[in-house]
Amino acid sequence: MFGPSPDWCVGISSVNLCLPDCTWIPERTFELLPFDAGTDNGPTYMSPNNPAEPRIPIHPITTKLDKRSPFYNENSDIIAPLARLKLSRKEVIKSECKTEDQYQIEAYNATNTSEDEEYKDRR
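Counting in my numbering, the sequence shown runs from 6 upward without gaps.
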């Protein structure tokens, strides 16, 4: 989350850091672009709380979504990264390789939140 917006965020998800020989990459850097978590309808940092009901799927923020947005730019589609995440391997712990599908299932399950559980019957 980057404040004061209640539902704008940056991050990574479902990134496989395992190499084909079941070792881990030593280091990787990610340039993080903004996403809208879909829980609030405000287009600016300081928009009043306006909960999205139903929730909107998480989506990238673009330069063309809303003229009131601080990211709006009619002359460009490029948004500068808001953060840089650098992951560095510190220790190697032996483990068996999993299939890409297994990693994706684990990543999906790990991103389930209490709000997902609370609102699951509303979708």
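C-beta: ideal position from N, C-alpha, C; glycine also. Computed from a prediction, not measured in an experiment: that's the story for all the values here.
Near residue i, which residues of its chain fall below 7 angstroms by C-beta distance, leaving aside the five closest residues on each side in sequence?
i: A57; result: G43, T44, D45 and N46
i: Q109; result: S19
Nearest by alpha-carbon distance to residue i: which of the options is it?
i: V97; options: N114, P31 and A112; result: P31
i: V15; options: S93, P86 and M51; result: P86
i: I61; options: K95, D41 and M51; result: D41
i: F130; options: Y77, P9, N21 and N54; result: Since the displayed the chain opens at 6 and closes at 128, residue 130 lies outside it and no answer follows.
i: P53; options: I110, G8, A115 and S100; result: G8
i: R33; options: R94, Y77, P59 and I66; result: R94
i: C23; options: D82, A115 and S100; result: S100
i: L38; options: I63, I84, S10 and Y77; result: I84
Which same chain residues, not among the five before or five after residue i, have their C-beta less than 6 angstroms away from its C-beta?
i: T104; result: none
Taking the alpha-carbon positions, what's the residue i to residue j distance?
i: E79; j: R89; result: 25 angstroms
i: P75; j: S19; result: 28 angstroms
i: A112; j: C102; result: 15 angstroms
i: P48; j: D126; result: 27 angstroms
Opposite residue i in the DSSP bridges: which residues?
i: E36; result: R89
i: P56; result: D45
Handout entry: Unbroken stretches of the alpha helix (DSSP H), 4 residues or longer, contained in the region 73-116
Key = Runs found: 105-115.
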